[in-house]
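Numbering (the numbering used here) for the sequence shown: 727 to 1115. Okay, so here's the structure we're looking at.
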Amino acid sequence: MSYTRKIVVTCAPLISSILAQEVEALGMPVKSINRLDVETEGTLLDAMKLNLQLRTAHRVLYQLQTFSVNQPDELYQTIYDYPWENQIPLDGYFSVQSYVNHPSITDNRFANLKVKDAIADRFMKQFGRRPDSGPKSEQAVLFLYWTEQEAAIYLDTSGESLSKRGYREVTVAAPMQESLAAALLLSTNWHPSQPLVNPMCGSGTIAIEAALMQQRTPPGLLRGNYSFMHLKSYQSGIWRRLRQDLKLDQQSRRDAQRNIVATDNNPDAIDAAKKNARAAGVSHLIQFQLSDFSETPIPDTTNSSAGKPAIVINPPYGARLGEERKLELLYARIGDFFKQQGAGYYGYVFTANKALAKKIALKTSKKQEFVNGKLPSQLLEYELYTGSK
Ligand SMILES: C[S@@+](CC[C@H](N)C(=O)[O-])C[C@H]1O[C@@H](n2cnc3c(N)ncnc32)[C@H](O)[C@@H]1O
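Written as structure tokens, this is what we have:
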């Protein structure tokens, strides 16, 4: 628990700078910002805190060892020599995952198998039996990073991606990852004390993530299982105390106003969004409405120096042939809606379709690149004044 080691926090492409700000805000040093991760350092306890509090991360990897390796047998031997009996319970379960870039490995599964065999053989030699192993990432997970002659082995303390908060019970078409919704909100000018309007809310991800921020609920509070819980060093009392401290902080924000609005014209979407908000414990903060997006009620803006209110829309983007023509009109109507109803707000549109985005026909004040699933996407910002611009 108490060794300070390198911690690598992974994330989706193009959001590592937002993740780095989150890491820093938690008082942890940022050692480097890379395409798909942020490096920091800390103890296993720090890794638990990161799992609990980060909104834009996918996994928290705690480094155990670095070593030079030229071929699979050397990998086996180095892993065999490590005292795994101090990490994995004898009657536990573990899985091995990896990123490998070495000429001797054409299939990562071969490297994973070498690591698994080395650990299993070490346990067999010492105890005559061994922990179970397989592909499931619900218990102890080890991560091998091997490029050229350098390798490192990590405890993946998260297991399942942290994006899976546990509140999304129902989804409708094209739901976005929870961590991406959080990253979008964190890159807007919106401040959690201000209204947040989310027309075309689908299964409610953006509105729910906003409400969690408003209530200062750490997203990890909603989740029951992490890989670190299946390590030998895990102490449930410490985890309970960590959660308890954050819950108390959250309670002091229970007075949050009900100024998040989420609407959609699909009744299944509104049902799903309501169920998900209930599961996330934030349904009291969101006003849902079944309607065309243009009928979305816009709360009065409050005078505050802290940030701005925002309208965030993730419209359909016409992945299927023939849909695009119909959507041109929809995007043009978004421009009209912003002009007619959004004065005093920042408007944001998140879409994978640049041609459709042009139909909004308003001047953007900022464009930010993201990746949604595998699709390059943009978050377009519009500063909305009274009258047209
Ligand atoms: C890409 S999905 C939004 C997904 C959402 N971000 C999520 O995480 O679940 C687009 C949503 O826009 C809704 N929609 C499309 N046209 C609409 C309209 N004219 N008025 C209101 N909602 C509309 C669809 O029902 C769909 O739920």
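Note that beta-carbon positions come from the ideal geometry of N, C-alpha and C, so glycine has one too. Since this is a predicted model, take the numbers as computed values, not measurements.
Anticipated Cβ contact below 8 Å, residue i with residue j, distance rounded
i	j	result
residue 811	residue 852	6 Å
residue 953	residue 863	7 Å
residue 867	residue 843	Contact doesn't hold; Cβ gap of about 17 Å is too wide.
residue 1032	residue 917	5 Å
Cβ-heavy atom distance, residue i to ligand 3, below 7 Å
i	result
residue 850	Here the bound small molecules are ligand 1; ligand 3 is not part of this structure.
Cα-Cα separation between residue i and residue j, rounded to whole angstroms
i	j	result
residue 760	residue 745	11 Å
residue 816	residue 740	40 Å
residue 1017	residue 1076	20 Å
residue 993	residue 922	21 Å
residue 1065	residue 990	20 Å
residue 780	residue 968	14 Å
residue 742	residue 915	18 Å
residue 798	residue 824	13 Å
residue 966	residue 753	21 Å
residue 849	residue 901	43 Å
residue 869	residue 821	9 Å
residue 861	residue 1027	50 Å
residue 971	residue 1096	34 Å
residue 840	residue 889	29 Å
residue 1099	residue 973	32 Å
residue 984	residue 932	15 Å
Secondary structure of residue i, DSSP reduced to three states
i	result
residue 732	strand
residue 1027	coil
residue 1062	helix
residue 766	strand
residue 1009	helix
residue 1071	coil
residue 858	strand
residue 806	helix
residue 1095	strand
Closest residue to residue i among the options (Cα-Cα distance)
i	options	result
residue 895	730, 1097, 776, 1004	1004
residue 1108	1083, 933, 901, 890	1083
residue 892	950, 1042, 832, 1020	950
residue 766	1062, 731, 859	731
residue 796	821, 829, 1040, 908	829
residue 1038	1022, 964, 835	1022
residue 963	933, 1000, 771	771
**Prompt:** Contact between the region 925 to 934 and the region 735 to 749: three or more CB pairs below 8 Å?
**Reply:** no
**Asked** Taking one C-beta from the region 1036 to 1056 and one from the region 998 to 1013 each time, how about it: are there three or more such pairs within less than 8 Å?
**Response** no
**Message:** Does the region 870 to 881 come into contact with the region 785 to 794, if we say contact requires no fewer than three beta-carbon pairs (one atom in each stretch) closer than 8 Å?
**Reply:** yes
**Message:** Contact between the region 883 to 893 and the region 778 to 787 is defined here as three or more beta-carbon pairs at a separation below 8 Å; is this criterion met?
**Reply:** yes
**Message:** Contact between the region 1091 to 1111 and the region 1059 to 1073 is defined here as three or more beta-carbon pairs at a separation below 8 Å; is this criterion met?
**Reply:** yes
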